[in-house]
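Peer 1:
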Amino acid sequence: MVESELTSVPDTGWSEQDSADFIAYGPEFTPEGDRLRETVLNLLAPAITDSETPHVVELCCGAGQLSAAILERFPSARMSAWDGSPAMLAETRETCAAYTDRLDTQLFNLAESDWRDVNPKPTAFVSSLAVHHLDGPQKQSLFHDLYCALNPGGLFVLVDIIMPTTPIGLEIAAKQWEDIVRSQSMAKYGDLRALVAFERLGWNFFLAPDADPIDKPSSLVDQCLWMRESGFQAVDVSFYRAGHAILSGRKP
Ligand SMILES: C[S@@+](CC[C@H](N)C(=O)[O-])C[C@H]1O[C@@H](n2cnc3c(N)ncnc32)[C@H](O)[C@@H]1O
Numbered sequence: 568m569v570e571s572e573l574t575s576v577p578d579t580g581w582s583e584q585d586s587a588d589f590i591a592y593g594p595e596f597t598p599e600g601d602r603l604r605e606t607v608l609n610l611l612a613p614a615i616t617d618s619e620t621p622h623v624v625e626l627c628c629g630a631g632q633l634s635a636a637i638l639e640r641f642p643s644a645r646m647s648a649w650d651g652s653p654a655m656l657a658e659t660r661e662t663c664a665a666y667t668d669r670l671d672t673q674l675f676n677l678a679e680s681d682w683r684d685v686n687p688k689p690t691a692f693v694s695s696l697a698v699h700h701l702d703g704p705q706k707q708s709l710f711h712d713l714y715c716a717l718n719p720g721g722l723f724v725l726v727d728i729i730m731p732t733t734p735i736g737l738e739i740a741a742k743q744w745e746d747i748v749r750s751q752s753m754a755k756y757g758d759l760r761a762l763v764a765f766e767r768l769g770w771n772f773f774l775a776p777d778a779d780p781i782d783k784p785s786s787l788v789d790q791c792l793w794m795r796e797s798g799f800q801a802v803d804v805s806f807y808r809a810g811h812a813i814l815s816g817r818k819p
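Counting in my numbering, the sequence shown runs from 568 upward without gaps.
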């Protein structure tokens, strides 16, 4: 269920205050955001080039930076940017203002399955920093449903935080993430305001993995296996940094 059908704000556990915080500091909270987006674009390129009418669906588009980058890089592509937060969708429309003729934005709930039969079948699904709000079985059924929903030859690219499998892995990810936020805050503001916000908001999942029940990341290996079990081929990991990874798989 999307756009005209979903009229009320879905109960996703993510608040409009979370959206405001992430709109303010998301770029500094995200490790190497430019490199993440560039990697996603490079992964998408073959599937988009192969398609006569490329259509990319971004699940949980947030403030729309990735959608805007896709629209800029692929002038033949149409983009659907979906999110459960009205504030995020408003931000996406602003971020993508130069491309409104190729963009639709819609309220949706990632956890529901009523939106998953997309017609016509898209060329690609992308999602960044949101699928970890689903638990393991929900991720498995999402991966299966995205596989079924994709056009043959289509691609699924997942950017997300990853659950380390050992206590030392958690410590390493926590420290690396904090270091990156510190240096990105200095680069953007010349001071530590984004790091202060990161700490005040308790955003570093790896420091306190049980603190917020909304966060349910799964391990890298589990997610690769679930993609394979769903039918995806060429399952790969193209980026890993500070507990954040990019996975992808292609439907034959
Ligand atoms: C951490 S932000 C990431 C935003 C963007 N994708 C990025 O990488 O910058 C998480 C996003 O997921 C959305 N979200 C979280 N749970 C959701 C759900 N169950 N259904 C729809 N959107 C959801 C939030 O509204 C928010 O925009």
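Glycine included, every Cβ here is placed at the ideal spot set by N, Cα and C.
1. For M568, collect the residues of the same chain with a Cβ closer than 6 angstroms to its Cβ; drop the 5 residues on either side in sequence, then sort them by chain order.
2. Can you tell me where the alpha helix (DSSP H) with T606 in it begins and where it stops?
3. Once the 5 residues before and after R660 are set aside, which same chain residues still bring their CB inside 8 angstroms of it?
4. Mapping the DSSP letters down to three states, classify D702 as helix, strand or coil.
5. Which of the three DSSP states, helix, strand or coil, is assigned to D789?
6. For L717, which three-state DSSP category applies?
7. Taking one C-beta from the segment 748-761 and one from the segment 645-659 each time, how about it: are there three or more such pairs within less than 8 angstroms?
8. Going straight from the alpha carbon of K706 to that of E796, what length do you get?
9. In this structure, what does DSSP give as the bridge partners for I813?
10. Report yes if the C-beta of D681 is less than 7 angstroms from at least one heavy atom of ligand 1; otherwise report no.
11. Would you please state the rounded distance, in angstroms, between the beta carbons of H700 and L677? I believe it to be under 8 angstroms.
Peer 2: Reading from the atomic positions:
1. With a pLDDT of 37 at M568, under the threshold of 50, the predicted position of this residue should be treated as unreliable, though the coordinate-derived value follows. Counting only Cβ-Cβ distances below 6 angstroms, and skipping sequence neighbours, we find D681, W682.
2. Annotation: the continuous alpha helix (DSSP H) that includes T606 extends over 600-617.
3. Taking R660 as the centre and dropping the five residues before and after it, the same chain places the C-beta of G631, T667, L670, T672 closer than 8 angstroms to its C-beta, in chain order.
4. Coil.
5. If DSSP states are grouped into helix, strand and coil, D789 belongs with the helices.
6. Coil, per DSSP.
7. Below 8 angstroms, too few C-beta pairs join the segment 748-761 and the segment 645-659 to call them touching: fewer than three.
8. In this structure, the straight-line span from the alpha carbon of K706 to that of E796 is close to 12 angstroms.
9. According to DSSP, I813 bridges with V726, F806.
10. Within the chosen limit of 7 angstroms, ligand 1 does not reach the beta carbon of D681 with any heavy atom.
11. Rounded to whole angstroms, the Cβ separation of H700 and L677 is 7 angstroms, and the two are in contact under 8 angstroms.
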